[in-house]
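*Asks:* Starting off with a structure, shown below.
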Amino acid sequence: MAFQQQETPGADVSADIHTSSSSTPELRYDPAEIEARWQARWAAHPELYAAEPATSRKPKYYVLEMLPYPSGQLHMGHVRNYAIGDALARYMWMQGYNVLHPMGWDAFGLPAENAALKNNTPPREWTEKNIAAMRVQMDRLGLSYDWATEVTTCLPDYYRWNQWFFLRMYERGLAYRKNSKVNWCPECQTVLANEQVIDGYCWRHEDTLVEQRELEQWFLRTTEYAQELLDGLDKLDGWPERVRTMQRNWIGRSEGATVGFAIEGRSDVVKVFTTRIDTIYGATSLQLAPEHPLICAFTEQDPELAKQVSALIDQQNLAREANDVGGIEKHGAFTGHYAINPFTQERVPVWAANYVLLDYGTGAIMSVPAHDERDYDFATKYGLAIKQVIREEAPAEMPAALPFVSEEGVLIDSGEWTGLSCAAAQQKMTAFAKSKGFGEATITFRLKDWGVSRQRYWGTPIPMLYCTNDGIVPVPDDQLPVLLPENVEITQEGGSPLAKLPEFVNTTCPKCGGPARRETDTMDTFVDSSWYFYRYTSAKDATAPFDTAAVAYWFPIDQYIGGVEHAILHLIYSRFWTKMMRDLGLIRNDEPAARLFTQGMVIKNGAKMSKSKGNVVSPDEMIARYGADAARMYALFAAPPDRDLDWQEDGVAGVSRFLSRVYRFVMRHAASARGASPAAELSPAATALLRKLHQTIRKITQDFGGRWHFNTSIAAIMELVNELTAADAAIAEGKIPPATVASILESLILMLAPFAPHLAAELWEQIGRKGGILRHAWPKFDEALAREDQIEVPVQINGKLRGLITVPAEASREMLEAAARADEKVQAALAGKTVVKVVVVPGKLINFVVR
RNA sequence: GCGAAAGUGGCGGAAUUGGCAGACGCACCAGACUUAGGAUCUGGCGGGGAAACCCGUGGGGGUUCAAGUCCCCCCUUUCGCACCA
């Protein structure tokens, strides 16, 4: 098979480069020339970066970087992301793995429509142009993607499977339709995703407040998997703790009980959710969300109340728009109605309150001012009763001021439950409520179902029909894909243009053959990115979303790399999608990615690079000035990959200088290395160089396997090169055997390969290596060669450095102490003092404790 | 308010287990060289001091022969979440 060959075919290196004799002036490192030449060679041999099929016996390694939105321009965040992934992929190839390293395009989304409006270009044309431009940029970076598996989410080949999955979910009740509130930008005339609402304002119109609108929407039942999504986090130990915590908070599991309060004089029962049923004897009012159905019923009969409640709703909306729901000033309105506490039979007033959320729990709470800070604030403000029902076991410790929120107490004034601990009371009172039929144990999640309808054009059509006879009817599988019509006029009026296309909207019902209308909403683009990485394993499959055998081989993803900004949305949706597909019987893995790495942001002048701040650095410009190798290597060198990176152009220049030094050094000695024969005996200078070499190999190998601190890996290579160039004259004079030089050059170039692939490929040939470097084995380090025989050991007196002694690495405690005492400086410092204690740590230090 | 991460020279950052603080790079300074190049090479570069030495990892305490690293308290920054009942 083509991709298994070791030779790099099509070698056509221009001859003028390495035929220059040593008398000619020193060659200059010309990254533009080298990189263009190698990129052309790689482009001619795409099989170099192709994975072997899933039948391969080799251990597999799936390295994945998050796919970009084709905006038309790579930014430095991309460069950093891809530099990390590319280094890893190349390293794993060199370690002998079968590597899958794919790339694709998250190609649906609003920017294409905006661009269409602005430039009068069809979204597809704009998107395709951008993909082409970014592809060129990626190639100029020398990234090792297997383009045969490219996935573009806006192609019918791909999005038809979005529709297919949607139908499968519909069949299982995982996709459903309901009325719901959505973000609406009056300027765009469209629904916005939550992430497109920035501090209450539209992301496109910075001074347009987003409104809430009620619309019929399609939802995916992510809550079905809430518990599993939560439990799964415990097993994802290859994910950053930070991301796991964020997801746990987002899922927001809360254990408690629902309790029904009957409304006096009516047949209604208000259900409240509480985590503290043990405090129910202290409940002195009910607080309902202003949009609670019961409040709506009350306001219909009470215009004065309606006015007050509508003010509460306004306050909530304002707070939501200002993105400060937490900071809202508490207000409420007494409804004039009372409810009966099912435990005490007491009458409690029913209020509407602006701090109660309709969409969490039951949208209603029992207010226990003595034991909840919020309820306390509210009760004091409106003069509601405060009744304490829990006492701490050590009453002396009890704070004088309410609220007293502890859960470490005993119930008081709570009827038959008095004297129980809070924990015991919670259990027993819940059981009691259940036995009496007015309550039950409830687990509430903050996670909500995923609203996937978008009133936009550039997305996957939702494959549903509305028939006057049959109601909601799914599009049959054999009619997929429901193609997104093209040549559509996109206007400022907003809403989906699909609704204005009779030829799209009007169709026939597959059930009754009568007239039916198509759903004109499209799917959220997060649907596209929820499973794209499965498609990479069999991107051209026309009969299924992916080949299950290929997925079984490649999954889970061994290493997923991307920005932490996707910690919640994309990474929860993907996990949900994986579990859903598993339950369809398509895959066996429970989680998409075994390991996740979240890289830091790219910063310039103290702020995240962004157009609005005007501190964007263009990758093209960096490549033009310093070369792709320098730009990539700088992205890895300037900071550990998980931390924010401060982009400093002088730093790129520094890396470029380093690569230039490597180039010139290797070129100076390439000729002699080419004809080298093994050396009989090594000089001390040669041994020292070999030692440094093996220490460097060890360090970088460990960095790849461990902390991924490529900044120190690259620093180690720089140290090695510093030692090598210092030995330049010795090498030229033949004091270092050519065979040693050859093996040092070889390892040096191999170590550079993951970070500076163009230069490494070039130098690899320059030292006479014929086979491609990409699949050449990573150098092995020899512990014996890496070991120092003489080491410098610090000598301290009372913990302060007073001298350095050079001793054999294996020196015993006695030898160390003797050597230390023999040292002039130490002797001087010890003179006239009494040594109370000597601490000797072999290989580390000696410390004399003196008086 | 809650949670997480971080705070080290002029700057980016080193210092897996407590053991020479400042690797590597940038900037800067001095010198060499000249095929004046976005050069290159050599040396210097935490602060104070002539030196011996002293002081230095956000601040204050502590443990230890020894603390950037461990413990306690506090400050600052960044990022999440935020009336979640």
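Residue numbering for the first sequence follows the working numbering, beginning at 1446 and increasing consecutively.
Even for Gly, the Cβ is constructed at its ideal location relative to N, Cα and C.
Owing to the predicted nature of the structure, the values given are computational and were not obtained by experimental measurement.
Out of Trp2209, Phe2110, Phe2149, which one is the CA nearest neighbour of Leu2169?
*Replies:* That would be Phe2110, whose Cα lies nearest to the Cα of Leu2169.
*Asks:* Is DSSP giving Trp1629 helix, strand or coil here?
*Replies:* In the structure shown, Trp1629 sits in a strand (DSSP, three-state: E or B).
*Asks:* Buried or exposed: where does Arg2258 fall if 16 or more other Cβ atoms within 10 Å of its Cβ makes it buried?
*Replies:* So Arg2258 counts as exposed.
*Asks:* When the Cβ atoms of the stretch 2216-2225 are set against those of the stretch 2237-2246, are three or more pairs found closer than 8 Å?
*Replies:* With a cut-off of 8 Å, the stretch 2237-2246 and the stretch 2216-2225 do not count as touching, because too few Cβ pairs lie within range.
*Asks:* Considering only DSSP beta bridges, list what Ala1797 is partnered with.
*Replies:* Note: Ala1797 sits in a beta bridge opposite Leu1733, Ala1778.
*Asks:* Using only CA atoms, which one of Arg2152, Gly2151, Ser2192, Arg1891 lies nearest to Val2166?
*Replies:* It is Ser2192.
*Asks:* Give me the Cα-Cα distance between Leu1509 and Thr1953, rounded to the nearest whole angstrom.
*Replies:* So the two alpha carbons sit approximately 43 Å from each other.
*Asks:* Using the Cβ count rule (16 or more neighbours within 10 Å means buried), how would you classify Gln2235?
*Replies:* The residue is exposed, with fewer than 16 neighbouring Cβ atoms inside 10 Å.
*Asks:* Roughly how many angstroms separate the alpha carbons of His2015 and Trp1538, rounded to a whole number?
*Replies:* Roughly 28 Å separates the two Cα atoms.
*Asks:* Alpha carbon to alpha carbon, what distance is there between Thr1780 and Asn1565?
*Replies:* Cα to Cα, the separation comes out at about 55 Å.
*Asks:* Please classify Gln1900: does DSSP put it in a helix, a strand, or coil?
*Replies:* Coil, per DSSP.
*Asks:* Looking only at its chain, what residues have a beta carbon closer than 8 Å to the beta carbon of Ser1468, apart from the 5 residues adjacent to it on each side?
*Replies:* Annotation note: pLDDT 37 at Ser1468 (below 50); position unreliable, coordinate value reported separately. Excluding positions up to five away in sequence, the list is empty.
*Asks:* Counting along the chain, where does the beta strand (DSSP E) carrying Lys2282 start and finish?
*Replies:* 2280-2286 is the extent of the beta strand (DSSP E) around Lys2282.
*Asks:* Where Ala2324 and Trp2153 are concerned, what is the direct C-alpha to C-alpha distance, given to the nearest angstrom?
*Replies:* The structure shown does not extend to residue 2324, since the chain spans only 1446 to 2296, so no value can be given for it.
*Asks:* I'd like to confirm the pairing. Which residues does DSSP put opposite Leu1545 in its beta bridges?
*Replies:* DSSP, once it has assigned bridges, lists Tyr1507 as partnering Leu1545.
*Asks:* For the alpha helix (DSSP H) containing Lys1873, list its first residue and its last residue.
*Replies:* Residues 1867-1881.
*Asks:* Output the distance between the C-alpha atoms of Arg1613 and Thr1668, rounded to the nearest integer angstrom.
*Replies:* In a straight line, the C-alpha of Arg1613 is about 17 Å away from that of Thr1668.
*Asks:* Given this structure, state the Cα-to-Cα distance separating Tyr1494 from Met1548, to the nearest angstrom.
*Replies:* Near 12 Å, if we compare the C-alpha coordinates of Met1548 and Tyr1494.
*Asks:* In terms of residues, what are the limits of the beta strand (DSSP E) holding Tyr2005?
*Replies:* Taken as a continuous stretch (DSSP letters only), the beta strand (DSSP E) holding Tyr2005 covers 2004-2008.
*Asks:* Name the DSSP beta bridge partners of Trp1999, please?
*Replies:* Answer is none; Trp1999 lacks a bridge partner.
*Asks:* So the beta strand (DSSP E) Cys2317 belongs to, where does it begin and stop?
*Replies:* Past the edges of the chain, shown from 1446 to 2296, lies residue 2317, and the structure says nothing about it.
*Asks:* Is Ser1699 helix, strand or coil by DSSP?
*Replies:* Correct three-state label for Ser1699: strand.
*Asks:* Would you mind giving the Cβ-Cβ distance between Arg1891 and Tyr1805, rounded to the nearest angstrom? I have them listed as a contact below 8 Å.
*Replies:* Correct: roughly 7 Å between the Cβ atoms.
*Asks:* Using beta-carbon positions only, say whether Leu1943 and Pro1906 come within less than 9 Å of one another.
*Replies:* Yes. Within cutoff.
*Asks:* Give the DSSP bridge partners of Lys1716, in chain order.
*Replies:* In the DSSP output, where bridge partners are listed per residue, Lys1716 has Gly1705.
*Asks:* Starting from the Cα of Ser2101, find the closest Cα among Pro2086, Asp2087, Ile2068 and give me that residue.
*Replies:* When each option's Cα is compared against that of Ser2101, the closest is Ile2068.
*Asks:* Are the beta-carbon atoms belonging to Ala2161 and Thr2132 less than 9 Å from one another?
*Replies:* Not closer than 9 Å, so no.
*Asks:* My understanding is that Leu1654 touches Ser1625, with C-beta atoms under 8 Å, so please give their C-beta distance in whole angstroms.
*Replies:* The pair is not a contact, with the Cβ atoms about 20 Å apart (cut-off 8 Å).
*Asks:* Give me the Cα-Cα distance between Ala1707 and Leu1750, rounded to the nearest whole angstrom.
*Replies:* About 21 Å.
*Asks:* If you drop the 5 nearest sequence neighbours on each side, which residues of the same chain put their C-beta closer than 8 Å to that of Leu1829?
*Replies:* The answer, listed in chain order, is Thr1729, Ser1730, Pro1794, Ser1812, Pro1814, Phe1823.
*Asks:* How many angstroms separate the CA atom of Val2047 from the CA atom of Val2286?
*Replies:* Approximately 42 Å between the Cα atoms of the pair.
*Asks:* How many angstroms separate the CA atom of Glu2269 from the CA atom of Arg2232?
*Replies:* C-alpha separation (whole angstroms): 28 Å.
*Asks:* What beta strand (DSSP E) runs, 3 residues minimum, are completely inside the stretch 1578-1611?
*Replies:* Runs found: none.
*Asks:* I'd like the span of the alpha helix (DSSP H) that includes Ala1961, first residue to last.
*Replies:* Segment 1960-1963 is the beta strand (DSSP E) holding Ala1961; no alpha helix (DSSP H) there.
*Asks:* So Gln1871 and Asp1723 are supposed to be a Cβ contact under 8 Å. How far apart are they, rounded?
*Replies:* That belief holds up - the Cβ atoms of Gln1871 and Asp1723 are roughly 5 Å apart, short of 8 Å.
*Asks:* Within 10 angstroms of the Cβ of Glu1736, are there 16 or more other Cβ atoms? Answer buried if so, exposed if not.
*Replies:* Buried, by the Cβ-count rule.
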